[in-house]
Amino acid sequence: MPLIRPKTRSASDWHDYLVQRRQQTQVSALEDFFAGADLSPILPIEEAPMMALDLETTGLDPKRSEIVSIGMVPFSLSRIRVSERRYWVVRPRRSLDARSVTFHHITHADIEGAPRLDEVLEDVMRAMAGHLLVVHYRHIERAFLDAATRKAWRESVSFPVIDTMSLEARIHRQSWLARLRRWSGRPPASIRLHDSRTRYGLPHYHGHHALNDALATAELLQAQVASNYAPETPIGMLWS
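Per the numbering used here, residue 78 is the first one in the sequence shown, and the count goes up by one each step.
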């Protein structure tokens, strides 16, 4: 299968932002995080230290909704280090409603006695430091972590990520084959996590569990690179 030409992303903007934030922050955990997030955009993806990240939340609006669980799994293209996984359940300030419980299956009993997010946020940021974050739909993880650091420390946070949903969109929403599909009246291919994994023959996992979805995202990126990109592809051409 011919390799897909990666989409070039601006690297200087991320570098300048991370350096500036590292110099300005008054929070030691953020200083460590911004230093570790400044990975060279020319680093080959096969050499990148990656961390798959997933959040489960009470809704989709970071201004009104809250994080209830966080899952992380460190990995590379050749190995997923499951033994080093991290998982937190945190207690939101507002009561869980029935709709969110149905979605992420975290109940009132699960959060009883769990820490508040601001009690574990320093550990979360330090766990992510030094890794290129990999997510499926970056607008959740970046937005909710930014909201969390603003509430806890009155400081914003952002960072480059490889978004496996965005990589699938390049193939199934933005390619000439995808445009032909739309022109012929067929619905666009789904780029949701489960459907994307199915296209690569990956096994089904129970979704909407932060640790399961982080593992599923790591496996998906491994399959995407193996099928569509050269292992020497610079991370700056894949991140968003």
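Backbone N, C-alpha and C define an ideal beta-carbon position, used for all residues, glycine too. Values in this document were obtained by computation on a predicted structure and should not be read as measured data.
What does the alpha-carbon distance come out to for the pair residue 311 and residue 241? As a working mapping, residue 311 is identified with position 234 in the sequence shown. As a working mapping, residue 241 is identified with position 164 in the sequence shown. Put simply, the backbone Cα of residue 311 is about 16 angstroms away from that of residue 241.
For the segment 295 to 314 against the segment 122 to 132, do three or more pairs of beta-carbon atoms, one drawn from each stretch, fall closer than 8 angstroms, so that the two count as touching? The way I'd put it, the segment 295 to 314 does touch the segment 122 to 132; three or more beta-carbon pairs between them come closer than 8 angstroms.
With residue 167 and residue 292 assumed to form a contact (beta carbons below 8 angstroms), what rounded beta-carbon distance in angstroms separates them? If you number the sequence shown from 1, residue 167 lands on position 90. If you number the sequence shown from 1, residue 292 lands on position 215. In this structure residue 167 is not in contact with residue 292, their Cβ atoms being roughly 20 angstroms apart against a cut-off of 8 angstroms.
Nearest residue (CA-CA) to residue 277, options 98, 184, 245, 136: As a first step, residue 277 must be located in the sequence shown, where it is residue number 200. Comparing Cα-Cα distances from residue 277 to each of 98, 184, 245, 136, the minimum goes to 245.
Cβ-based burial, residue 159 [other Cβ within 10 Å; buried from 16]: Translated into the one-based positions of the sequence shown, residue 159 becomes position 82. With fewer than 16 Cβ atoms within 10 Å of its Cβ, residue 159 is classed as exposed.
My assumption, with CB atoms under 8 angstroms, is that residue 298 sits in contact with residue 209. Please give the rounded CB distance. Taking the first residue of the sequence shown as position 1, residue 298 is located at position 221. Taking the first residue of the sequence shown as position 1, residue 209 is located at position 132. About 10 angstroms; that fails the 8 angstroms criterion.
Between the segment 127 to 146 and the segment 279 to 290, do at least 3 Cβ pairs fall closer than 8 angstroms? Segments in contact, yes.
CA-to-CA distance, residue 216 to residue 186, given in whole angstroms: Here the question's residue 186 lines up with position 109 in the sequence shown. Here the question's residue 216 lines up with position 139 in the sequence shown. The alpha-carbon atoms of residue 186 and residue 216 are separated by roughly 29 angstroms.
First through last residue of the alpha helix (DSSP H) which encompasses residue 128: As a position in the sequence shown, residue 128 is number 51, starting the count at 1. Where residue 128 is concerned, there is no enclosing alpha helix (DSSP H), although the beta strand (DSSP E) it sits in stretches over 127 to 134.
Taking C-beta to C-beta, are residue 183 and residue 198 nearer than 9 angstroms? To locate residue 183, count along the sequence shown from 1; it is residue 106. To locate residue 198, count along the sequence shown from 1; it is residue 121. No, the pair does not count as a contact, with Cβ atoms beyond the cut-off.
Using only CA atoms, which one of 99, 90, 280, 141 lies nearest to residue 206? Working through the sequence shown from its first residue, we reach residue 206 at position 129. Just measuring C-alpha positions, the residue of 99, 90, 280, 141 sitting nearest residue 206 is 99.
Straight-line CA distance for residue 267 to residue 249? Within the sequence shown, the letter at position 190 stands for residue 267. Within the sequence shown, the letter at position 172 stands for residue 249. So the alpha carbons of these two residues sit roughly 8 angstroms apart.
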